[in-house]
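Residue numbers (the numbering used here), protein chains in the order written: chain A, 44 to 150; chain B, 26 to 140.
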C-alpha cells in the first residue's frame, strides 16, 4: 500500500509568515491528493482537493501544488485562526491513506 | 441542509458489540461513497474503509479488515460501522465523511471502551 509522509510533524511560525507543509507519497498518485485542516476539538475540514483546487469558502491564502509523489500546502500569510493540524490524504485507489499530520502553531 | 448526522456517544465494556450510524440528508445519498475515519485520543486521522450506498460495495483498510463491518441501508440513507467484540484500544472518535475526498463530515461519535 502507498504510504503518505508529511513534513515537518510540527512547526511554529509568526503571524504573517509564509508556511509550507510537504506531503510525499511512496508511489505516484497523479493529483489525487486532498488537504484537511483540523482545529483543536473540531471536525476536520477539506481545504484542497485534486492537489491544487481550493474548496469553496476556503481563504485564498491557502494553496496547494504538486503531482505524482511530491505535494505542498502553502499558507501565504499565517493567521492566528490557522492554528491547527493539517493532514494530506490520497484518494486515487486502494486505501485512502492520510499523512500523519503537521501541527501548526504561532510563535 | 446537506449534512451527515452521526449517532451519539457510546460507553461499552470490552467484549461487547456495537453499531454506530451515520445518516445523510440534503443530497443524493446513493451517489456518494461514505467513509469512516478513526481518531484515537491525541492522534491523527486513520482511514478505516468506505461503502457505496447505491450498491453496498465496500472497501476496507488492511488495518481494519476483519476488525469492523461497514454496511448501509439506502432506504433510510444510513451507513453503519459495527464491532462484534470491542477492545479498550477501540476507544476513539469515529467520523463518517462523504466522497472520494471528504468534502462533508459528520460531527463524530465518541466510543469509549472500558471495564
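No residue lacks a Cβ here, since even glycine has one placed at the ideal position from N, Cα and C.
Where residue i and residue j are concerned, what is the direct C-alpha to C-alpha distance, given to the nearest angstrom?
i                      : j                      : result
residue 74 of chain B  : residue 57 of chain B  : 14 Å
residue 107 of chain A : residue 114 of chain A : 7 Å
residue 37 of chain A  : residue 134 of chain B : No answer is possible for residue 37 of chain A: the residues shown for chain A start at 44 and end at 150.
residue 52 of chain A  : residue 71 of chain B  : 16 Å
residue 92 of chain A  : residue 67 of chain B  : 25 Å
residue 89 of chain A  : residue 76 of chain A  : 11 Å
residue 26 of chain B  : residue 116 of chain A : 30 Å
residue 96 of chain A  : residue 78 of chain A  : 10 Å
residue 35 of chain B  : residue 89 of chain B  : 20 Å
Do we get a CB-CB distance below 7 Å when we pair residue i with the residues of chain B?
i                      : result
residue 61 of chain A  : no
residue 143 of chain A : yes
residue 134 of chain A : yes
residue 105 of chain A : no
residue 102 of chain A : no
residue 67 of chain A  : no
residue 114 of chain A : no
residue 77 of chain A  : yes
residue 147 of chain A : no
residue 221 of chain A : No information on residue 221 of chain A is available, as it lies outside the stretch 44 to 150 that chain A covers here.
Using a Cβ cut-off of 7 Å (strictly closer), state whether residue i contacts chain A.
i                      : result
residue 33 of chain B  : no
residue 77 of chain B  : no
residue 80 of chain B  : no
residue 61 of chain B  : no
residue 70 of chain B  : yes
residue 50 of chain B  : no
residue 58 of chain B  : no
residue 119 of chain B : no
residue 123 of chain B : no
residue 86 of chain B  : yes
Only counting the same chain, and skipping five residues up and downstream in sequence, which positions put a Cβ closer than 6 Å to that of residue i?
i                      : result
residue 81 of chain B  : 97
residue 105 of chain B : 44, 46 and 96
Classify residue i: buried if its beta carbon has 16 or more other beta carbons within 10 angstroms, exposed otherwise.
i                      : result
residue 45 of chain B  : buried
residue 91 of chain B  : exposed
residue 68 of chain A  : buried
residue 133 of chain A : buried
residue 115 of chain B : buried
residue 65 of chain B  : exposed
residue 110 of chain B : exposed
residue 101 of chain B : exposed
Tell me whether residue i counts as near the ligand HEM, meaning its Cβ is closer than 6 Å to at least one heavy atom of that ligand.
i                      : result
residue 125 of chain B : The model on display carries no ligand, and the ligand HEM is accordingly not part of it.
Grab me the residues of residue i's own chain with a C-beta within less than 7 Å of its C-beta, minus the 5 sequence neighbours each way, in chain order.
i                      : result
residue 28 of chain B  : 50 and 51
residue 108 of chain B : 42, 43, 93 and 115
What does a CB cutoff of less than 8 Å around residue i pick up in its chain, not counting 5 residues either side in sequence?
i                      : result
residue 123 of chain A : 58 and 149
residue 112 of chain A : 67, 68, 69, 70, 71 and 72
- Quick one: which unbroken beta strand (DSSP E) runs of 3-plus residues sit fully inside the region 64 to 120 of chain B? Chain order, please. 70 to 77, 82 to 85, 94 to 98 and 103 to 108
- Item | Every unbroken beta strand (DSSP E) within the region 61 to 97 of chain A, with a cutoff of 3 residues, ordered by chain | 62 to 68, 76 to 81 and 88 to 92
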